[in-house]
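Enquirer: Position 17, counted from 1, in the sequence shown is what UniProt numbering calls 17; the numbers after and before it change by one each time, with no gaps. Before I ask anything, let me first share the structure, which is written out below as structure tokens.
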Amino acid sequence: MIRNVESLEGKTHIHQNVATVTLEVPDGILRTSLDTFVCQILWENMLKDGRGNTSEIIRMKGVIRFADGSIAMIQSVYDMYEFQELSNSLSEVPPGSRIILIGTFLDKAELSCLLTKCIDSGNESLS
1 MIRNVESLEG
11 KTHIHQNVAT
21 VTLEVPDGIL
31 RTSLDTFVCQ
41 ILWENMLKDG
51 RGNTSEIIRM
61 KGVIRFADGS
71 IAMIQSVYDM
81 YEFQELSNSL
91 SEVPPGSRII
101 LIGTFLDKAE
111 LSCLLTKCID
121 SGNESLS
């Protein structure tokens, strides 16, 4: 599924402003950092594209490897999201961590920047 979606990267859908973005997430991310990132893009409207348009996440799905060694699937529809724990022994779980987003006015560079800020903030709170 993830490989199929990656071929759609940056292509628009039926509506001109709707696009798909695949975001690579560093393995070993803190759960609190990812939770902060998700809250900012879904609820706090902190994500904007290069023209200043506020992004809207329609759908999000991904597999994340957390710092505590756990693996979880994240999924959302509009502003509702959940983490579902996956077994560490699942052989079909691909290596790496990534999130696939479908939404309006998505800017991969802005998404990456916001994720990095959330990761850095989470790491600073541990120091």
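We treat Cβ as the ideally placed atom computed from N, Cα and C, and that holds for glycine. These figures come from a predicted structure and were not determined experimentally.
Can you tell me which of the three DSSP states L86 falls into?
Expert: Strand.
Enquirer: What does DSSP give as the partner residue(s) for V77 in the beta ladder?
Expert: In DSSP, V77 forms a bridge with R59 and M80.
Enquirer: Return the CA-CA distance between E85 and G52, expressed in angstroms with no decimal places.
Expert: Distance between the alpha carbons of E85 and G52 is about 35 Å.
Enquirer: Please classify R51: does DSSP put it in a helix, a strand, or coil?
Expert: Here R51 sits in coil by DSSP.
Enquirer: Give the range of the alpha helix (DSSP H) segment to which I29 is assigned.
Expert: Careful: I29 lies outside any alpha helix (DSSP H) and carries neither H nor E.
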